[in-house]
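Just so you know, the sequence shown maps onto residues -20 to -1, 1 to 236 in mature numbering (1 follows the signal peptide of the UniProt record, and there is no 0).
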Amino acid sequence: MVASDTMNIAKRFTSIFAVAAVSASLGAAVPAASAGSVMADTTVTATRSFPKTTAAKRDFLAEHTSTDVESNADWGGIESLDVPQTESQAEKDRKAQEQAEAEARAQAQAAQAQAQTQAETQTASRSSERADISSVPTAPASATGQALADYALQFQGYPYVSGGNTPSGWDCSGFVQWVFAQFGVSLPHYSGAQMSVGTAVGSIAEAAPGDIIVNTQHAAIYIGNGMVINALNPAQGTQVTSLAVFSGGYAIRRVL
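This is the structure:
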C-alpha cells in the first residue's frame, strides 16, 4: 500500500515536470518565430483606432473660443492693459479732409458776415450823412467874426474827407471854405491860397474870433483864447484844439 502510493506521487511529479518543459520550449520558440517574421518582411505598419463620429458637434465653435478661468487667477495685470486703437491712413485722410472742409465753411461764413456788417455800416453811415446834411444849422444873419466862430463850433464831430468841402465830409481848408461861404464869403479850397485872403493880423494877441489861422499845410478858424476849430483827419474828424496843431509858423488873416 505504501509502495503503491509512492509510485503514484512519482508519476504526478513526472507529469508536472514534463508539462513545464514543454511550456518552456514553446515560449522560447515564439520570439524566434516573430523575429524571423520581421526580418522576412521589411514593411512595418502601425495603426490606431479612433472612436467613430457620425455627427458634428453643434458647440464646436464654442468649445474652441470659450475658456474657463478661475476668478482669482493672477495674469500679471495683462487683463487690464489699455491698448490704444490706431487709425488707418484712409481714416486719417478722411478726417483731415472733413476738418479742412469745415474750416473752409467757417471762413466763408465769417467773410460773409463781415461783408454784411460792412455793408450795413456803410448804409447807416450814408443815412447818417444824409440826415446830417438835411439838418445842417442855418447861418445867422449877422456877418461878424464872433457869429462865424459860434456857427463853426456847431460842426464838432463832423467827418473828415480829403478834398471834401461839405458837411458830409471836408478837409481843413474845405471846412474853412464852407463855413465862410454860409456868410457870403468865397474862399479858395487850399490852405496855401487862404494865406493871402483878407487882411493880415500881426500876432495871436491881436487875433479875434472868426479869424483864419493858416499855413501851407493846415487851416483853422480861431475861436479865442488860443483855441481853434478845425478838421483834422479821418480818425478825429472836426474838433476844437489848441494852436499846437500847427507845426512851424502860421499866418492870421481877417476876412470879417
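Glycine included, C-beta positions come from ideal geometry on N, C-alpha and C.
Proximal residues to residue 160 (C-beta, below 6 Å), its chain only, five neighbours per side dropped: Taking the first residue of the sequence shown as 1, we reach residue 160 at position 180. Cβ neighbours of residue 160 beyond the five flanking positions: 167.
Neighbourhood of residue 191 by C-beta, 7 Å cutoff - its chain only, sequence neighbours within 5 removed: The count along the sequence shown starts at 1 and reaches residue 191 at position 211. So the qualifying residues of the chain are 125, 181, 202, 232, 233 and 234.
Quick one: residues in its chain with C-beta nearer than 6 Å to the C-beta of residue 175, no 5 flanking neighbours on either side, listed in chain order? Translated into the one-based positions of the sequence shown, residue 175 becomes position 195. So the list reads 194 and 231, once near-sequence residues are dropped.
Secondary structure at residue 250, three-state DSSP: helix, strand or coil? A query on residue 250 cannot be resolved here, the shown segment of the chain reaching from -20 to 236 and no further.
Beta-carbon proximity check, residue 128 vs residue 209, cutoff 7 Å: As a working note, residue 128 is residue 148 in the sequence shown. As a working note, residue 209 is residue 229 in the sequence shown. No; because the gap between Cβ atoms is not below 7 Å, this pair is not in contact.
Beta-carbon within less than 6 Å of residue 188's beta-carbon, same chain only, minus the 5 sequence neighbours each way: which residues are those? The sequence position of residue 188 within the sequence shown is 208, counting from 1. Contacts found: 125.
Beta carbon of residue 169, beta carbon of residue 149: below 7 Å? If you number the sequence shown from 1, residue 169 lands on position 189. If you number the sequence shown from 1, residue 149 lands on position 169. Going by C-beta atoms, residue 169 is not nearer than 7 Å to residue 149.
Strictly under 7 Å for the Cβ-Cβ distance: is residue 218 near chain D by that measure? The structure shown has no chain D; it contains just one protein chain.
Coil, strand or helix - residue 133 by DSSP: Locating residue 133 in the sequence shown gives position 153, where the first residue counts as 1. Residue 133 falls in the helix class under three-state DSSP.
Comparing alpha-carbon positions, which option in 206, 236 and 198 lies nearest residue 228? Mapped onto the sequence shown, residue 228 falls at position 248. Cα-wise, what sits closest to residue 228 is 198.
In whole angstroms, give me the CA-to-CA distance for residue 82 and residue 68. Position 102 of the sequence shown, counted from the start, is the residue given in the question as residue 82. Position 88 of the sequence shown, counted from the start, is the residue given in the question as residue 68. So the two alpha carbons sit approximately 21 Å from each other.
Beta-ladder partner(s) of residue 196, from DSSP: Stepping through the sequence shown from its first residue, residue 196 is reached at position 216. BP columns for residue 196 are empty, so no partner.
Round the Cβ separation of residue 206 and residue 222 to the nearest angstrom and send it over; I've been treating them as touching at under 8 Å. Taking the first residue of the sequence shown as 1, we reach residue 206 at position 226. Taking the first residue of the sequence shown as 1, we reach residue 222 at position 242. Indeed, because the Cβ distance is near 6 Å, the residues count as touching under 8 Å.
Residue burial classification, residue 73 (beta-carbon count within 10 angstroms, cutoff 16): As a working note, residue 73 is residue 93 in the sequence shown. Exposed, since its Cβ has fewer than 16 Cβ neighbours within 10 Å.
Going by CA-CA distance only, name the one from 185, 89 and 152 that's closest to residue 173. In the sequence shown, counting from the first residue as 1, residue 173 sits at position 193. Of the listed residues, the one whose Cα sits closest to residue 173 is 152.
Give me the Cα-Cα distance between residue 247 and residue 215, rounded to the nearest whole angstrom. In this structure the chain extends from -20 to 236, so residue 247 is not present and cannot be described.
Pull up the distance between the alpha-carbon of residue 136 and that of residue 90, whole angstroms please. On the sequence shown, residue 136 is found 156 positions in, with the first residue counted as 1. On the sequence shown, residue 90 is found 110 positions in, with the first residue counted as 1. Cα to Cα, the separation comes out at about 36 Å.
One question on the structure: do residue 138 and residue 213 come within less than 7 Å of each other, judged by their Cβ atoms? Translated into positions along the sequence shown, residue 138 becomes position 158. Translated into positions along the sequence shown, residue 213 becomes position 233. No, the Cβ-Cβ distance between residue 138 and residue 213 is not below 7 Å.
Which of the three DSSP states, helix, strand or coil, is assigned to residue 118? Along the sequence shown, one-based indexing puts residue 118 at 138. Reduced to three states, the DSSP call for residue 118 is coil.
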